[in-house]
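Taken in sequence, the protein lines are chains A and B. With the first letter of the first sequence counted as 1, position 185 gets the number 185 in the numbering used here; the numbers rise by one all the way through. With the first letter of the second sequence counted as 1, position 146 gets the number 146 in the numbering used here; the numbers rise by one all the way through. First the structure, in the form of structure tokens, and then the observations on it.
There are 2 protein chains.
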Amino acid sequence: MAIKLHGHPLSPPVKRVVACLEEKGIQYEFVLVDLFTGQQKKEPFVSLTPFGQVPVLEDGDLKLFESRAITQYIAHTYATKGTPLVPNDPKKMANVVVWIEVESQRFDVVASKLSFEILIQPKLGKTTDEGVVDQLQEKLAQILDVYESRLSQSKYLGGDEFSLADLHHSPIVNNLMGTKIKALFDARPKVSAWCVDILGRPAWQKVLQSMKFDWPANYSTSK
Amino acid sequence: MAIKLHGHPLSPPVKRVVACLEEKGIQYEFVLVDLFTGQQKKEPFVSLTPFGQVPVLEDGDLKLFESRAITQYIAHTYATKGTPLVPNDPKKMANVVVWIEVESQRFDVVASKLSFEILIQPKLGKTTDEGVVDQLQEKLAQILDVYESRLSQSKYLGGDEFSLADLHHSPIVNNLMGTKIKALFDARPKVSAWCVDILGRPAWQKVLQSMKFDWPANYSTSK
């Protein structure tokens, strides 16, 4: 049975999973869940996931939600296909998991809010709160200082090979590259080179091609 | 070389790791990092972890931070020792990882703040903000509704066996049991039985014994 991914092209967690599927070269059927009509909170979608959010992956009778759980499943289950995204060695794997946690617990908490405040709020007819942006920028700068130091020790966050720990960052890093926050990444040479590297990967370029999204015309004024 | 755990008995993430070590029956040396004198932000501790936070685990030459990365390392590396905390079957494992993510991304975000607001703020000489508590309670109730439904389908969150997905909850659930928030858990029969189960485990009881902590006398007024 083919893999089905339920999602929406606007969602960074959905793009995280698509990036993983593309790195692995896995064929999948994309099932659009229209967030603009609230399909994610209605049947049949809510029967797939109790929190009513995209993405959901179906692989045969297995139904999974939470983007980072889905990518780990794909990386381990299809370990020998496409790009290796998790190392075999348990100690190397432990370091990858540390940096998967850093992305989830530290980077994403700040960077996703920045992306929302700068890119999404105006689309919702609201004004970006520059005070909030300033506070978040300060926090992100401190996190990126740690990243700069880490990327001076190893080429990628989890070690010398590209892994899920890097891939999980791609959607939000990509969003922020189109904002003034790019300057925070550019100011740190190792971080800057890492961004160019992970966003330049053919798999990520395919994600950008397949997950194009045009906001409905006059969306912000129509609400 | 013996396993060393750097931590402080007040820290829920440290208790999460200790619970994992106790379930596995692994001997370890506990190295106290005195949070009250800021040791976590000074050498030699900051050389172990870039974010200057407990816990840190040393296993031979491996140095790990982020509590949920440490528990996953222990569970996989010492898979055959003590309580199995991760299933061998990849599909069962995928479901455990989904609920590890739910704890990390949804439950903890709300429940840790509640624990901090109710239990820690008064110790810091501040007043619990009841407005914040009310908002968080409402969010936690919605999450626990999903847990009630999940625990009606399987005995534990990740499946029919106790796993890391359950264990990761123990420190904050234990904290909240001593507050008015207990009523939210008690109101849901499956959730309530699950709390009794996970907190009644001998390993967790050992954590409570070994991680006792008395706040410094007159701490809140001495600042």
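For each residue, glycine too, the CB sits at the ideal point set by N, CA and C.
Distance between beta carbons of residue j and residue i, contact taken as under 8 angstroms
| i | j | result |
| --- | --- | --- |
| B/Lys-6 | B/Val-56 | Note on identity: in this sequence residue 6 of chain B is His, with Lys being the wrong assignment. That belief holds up - the Cβ atoms of B/His-6 and B/Val-56 are roughly 4 angstroms apart, short of 8 angstroms. |
| A/Ile-172 | A/Ser-210 | That belief does not hold up - the Cβ atoms of A/Ile-172 and A/Ser-210 are roughly 18 angstroms apart, past 8 angstroms. |
| B/Thr-83 | B/Glu-23 | 4 angstroms |
| B/Val-17 | B/Thr-71 | 6 angstroms |
| B/Arg-150 | A/Pro-44 | About 19 angstroms separates the two Cβ atoms, so there is no contact after all. |
Contacting residues, own chain, Cβ-Cβ under 6 angstroms from residue i (five flanking each side not counted)
| i | result |
| --- | --- |
| A/Val-110 | Leu-136, Lys-139 and Leu-140 |
| A/Lys-41 | Gly-52 |
| A/Gly-131 | none |
| B/Asp-134 | none |
| B/Gly-158 | Asn-95, Val-96, Trp-99 and Ala-165 |
| B/Phe-36 | none |
| A/Pro-12 | Pro-171 and Ile-172 |
| B/Asp-214 | none |
Neighbourhood of residue i by C-beta, 8 angstroms cutoff - its chain only, sequence neighbours within 5 removed
| i | result |
| --- | --- |
| B/Ser-154 | Asp-160 |
| B/Thr-128 | Glu-117, Ile-118, Gln-121 and Pro-122 |
| A/Ser-104 | Arg-68 and His-168 |
| A/Leu-21 | Ile-3, Leu-5, Tyr-28 and Ile-74 |
| B/Lys-212 | Pro-9 |
| B/Met-93 | Val-86 and Pro-87 |
| B/Arg-106 | Ile-143 |
Interface partners of residue i on chain B, CB under 8 angstroms
| i | result |
| --- | --- |
| A/Ala-69 | Ala-94, Val-97, Val-98, Ile-100 and Glu-101 |
| A/Lys-91 | Leu-62 |
Where residue i falls, given that 16 or more other Cβ within 10 Å makes a residue buried
| i | result |
| --- | --- |
| A/Phe-65 | buried |
| B/Pro-189 | exposed |
| A/Lys-223 | In this predicted model, A/Lys-223 has a pLDDT of only 47, less than 50, meaning its place in the structure is not dependable; the value taken from the coordinates is given anyway. A/Lys-223 comes out exposed. |
| A/Leu-144 | buried |
| B/Val-196 | exposed |
| A/Ser-152 | exposed |
Contacts around residue i, its chain only, beta-carbon distance under 7 angstroms, and the 5 residues preceding and following it disregarded
| i | result |
| --- | --- |
| B/Val-146 | none |
| B/Asp-108 | Ile-172 |
| A/Leu-32 | His-8 |
| A/Leu-207 | For the sequence presented, residue 207 of chain A should be read as Val rather than Leu. Once the five neighbours on either side are set aside, the close Cβ partners of A/Val-207 are Lys-15, Val-18, Ala-19 and Glu-22. |
| A/Ser-192 | Phe-185 and Asp-186 |
Amino acids of chain A, ordered along the chain, whose beta-carbon sits closer than 7 angstroms to that of residue i
| i | result |
| --- | --- |
| B/Arg-16 | Under the 7 angstroms cutoff, chain A gives no residues; its nearest Cβ is about 12 angstroms from B/Arg-16. |
| B/Gln-135 | What B/Gln-135 touches in chain A: nothing, since even the nearest Cβ is about 17 angstroms away. |
| B/Glu-66 | Val-98, Glu-101, Val-102 and Gln-105 |
| B/Gln-72 | Val-97 |
Chain-ordered neighbours of residue i on chain B, where CB pairs are closer than 7 angstroms
| i | result |
| --- | --- |
| A/His-225 | Past the boundaries of the shown model lies residue 225 of chain A; chain A is included only from 1 to 223, so the question cannot be answered. |
Listed by chain order, chain A residues near residue i by CB distance under 8 angstroms
| i | result |
| --- | --- |
| B/Arg-150 | Pro-50 |
| B/Glu-117 | Here the premise fails: no neighbours, minimum Cβ distance about 18 angstroms. |
Under 9 angstroms by beta carbon: chain A residues contacting residue i
| i | result |
| --- | --- |
| B/Val-146 | Pro-50 and Phe-51 |
4-residue-minimum alpha helix (DSSP H) runs that sit fully inside the stretch 181–206 of chain A, ordered along the chain: For the stretch 181–206 of chain A, whole alpha helix (DSSP H) runs of length 4 or above, ordered along the chain, are 182–186 and 189–200.
Those runs of the alpha helix (DSSP H) which lie wholly inside the stretch 75–137 of chain B and span at least 4 residues: Segments of the alpha helix (DSSP H) lying fully in the stretch 75–137 of chain B: 90–102 and 108–115.
Length-filtered (3 minimum) beta strand (DSSP E) runs lying within the stretch 22–48 of chain B: Contiguous beta strand (DSSP E) elements confined to the stretch 22–48 of chain B occur at 28–32, taking only those with 3 or more residues.
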